[in-house]
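Residue numbers (my numbering): 997 to 1138.
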């Protein structure tokens, strides 16, 4: 970390749009095992911590609980003998994200349909005509 840019906790919070208390909590959970501190005890975030935080936030967006993220970080610290577990975890996360995308696409289909419905109703000044012409929403996604 000698030539790398060092960030304060406030700077990292701003970069990642997180609360400082969240970063402190992550540190307490052990998610930054090599986090350095300055002479006054203030956390100093370098490239390793920024990369870790990027992965943590990515995994959180997939719905992964912090307990599982902690386990993943412990596997990283354990070294090469946990590569298979880490791969399996990411394959599982990938599948979960694909499922979320599929569900969101179905949601978007329904929302698009309702937007068209209400645009037509707005144009007509009533739902009466468009209501008779609309397909069953259930069949849009099933």
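Glycine residues also receive a C-beta, built at the ideal position from the N, C-alpha and C atoms.
Report the partner residues of residue i according to the DSSP bridge assignment.
i, result
"residue 1094", "Per DSSP, none; premise fails for residue 1094."
"residue 1040", "1032"
"residue 1003", "1041"
Would you call the CB atoms of residue i and residue j closer than 8 angstroms?
i, j, result
"residue 1126", "residue 1102", "no"
"residue 1012", "residue 1062", "no"
"residue 1089", "residue 1069", "no"
"residue 1027", "residue 1081", "no"
"residue 1019", "residue 1009", "yes"
Under the assumption that residue i contacts residue j (Cβ atoms under 8 angstroms), give the Cβ distance between them as a whole number of angstroms.
i, j, result
"residue 1097", "residue 1041", "Between residue 1041 and residue 1097 the Cβ distance is about 31 angstroms, and since that is not below 8 angstroms, they are no contact."
"residue 1000", "residue 1043", "5 angstroms"
Between residue i and chain B, is there a C-beta pair that is closer than 8 angstroms?
i, result
"residue 1046", "Of the protein chains in the structure, only one exists, and it is not chain B."
Going by DSSP in three states, residue i sits in which element: helix, strand or coil?
i, result
"residue 1015", "coil"
"residue 1085", "helix"
"residue 1112", "helix"
"residue 1069", "helix"
"residue 1118", "helix"
"residue 1049", "helix"
"residue 1009", "helix"
"residue 1099", "helix"
"residue 1105", "helix"
"residue 1062", "helix"
"residue 1138", "coil"
"residue 1123", "coil"
By a C-beta neighbour count over all protein chains shown, 10 Å radius and 16 as the cutoff for buried, is residue i buried or exposed?
i, result
"residue 1052", "buried"
"residue 1022", "buried"
"residue 1039", "buried"
"residue 1045", "buried"
"residue 1055", "buried"
"residue 1033", "exposed"
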